[in-house]
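Novice: Here it is, the structure, as structure tokens.
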Amino acid sequence: MTKLYIYEACQIVLKKSNDVVNSIIDLKSQDELYSSITGKLKYSENPNIFELKTKIAEKIISENRYCF
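The numbering of the sequence shown is our numbering, which starts it at 40 and goes up by one.
Okay, here's the thing in structure tokens:
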């Protein structure tokens with residue numbers, strides 16, 4: 040579950056930071072910031088999101104309650 044939370048948090052931060060860069064930074068400096076942000080939020084091995092969500096769902100169903 041932690042892998043899923045971290046992955047989703049990184050995606051949210053990436054989107055919000057891109058929105059901020061688009062809003063306040065001039066066009067010339069945007070590319071540098073995009074590459075810097077993307078480099079810091081990049082995974083070395085992206086998780087399989089569908090597999091993670093399936094495992095979480097199976098655990099919840101087998102326990103018949105929210106167990107996290």
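A virtual CB, placed ideally from N, CA and C, is assigned to each residue, including glycine.
Computed from a predicted structure; not experimentally measured.
Using only the alpha-carbon positions, how far apart do I51 and N61 sit?
Specialist: In the sequence shown, residue 51 corresponds to position 12, counting from 1. In the sequence shown, residue 61 corresponds to position 22, counting from 1. Those two C-alpha atoms are separated by around 15 angstroms.
Novice: Give the secondary structure of L80 by DSSP, where H, G and I count as helix, E and B as strand, and everything else as coil.
Specialist: Here residue 80 refers to the residue found at position 41 when the sequence shown is read from its first residue. Three-state DSSP puts L80 in coil, outside helix and strand.
Novice: Could you spell out the range, first to last residue, of the alpha helix (DSSP H) harbouring I57?
Specialist: Looking up residue 57 in the sequence shown gives position 18. Just to set this straight, residue 57 is Asn in the shown sequence, not Ile. Segment 41-63, the alpha helix (DSSP H) holding N57.
Novice: Can you look up Y105 in the DSSP assignment and give me helix, strand or coil?
Specialist: Counted from its first residue, the sequence shown places residue 105 at position 66. Three-state result, Y105: coil.
Novice: Rounded to the nearest angstrom, what separates R104 and A96 at their Cα positions?
Specialist: Against the sequence shown, residue 104 aligns to sequence position 65. Against the sequence shown, residue 96 aligns to sequence position 57. A direct Cα-to-Cα measurement between R104 and A96 gives close to 10 angstroms.
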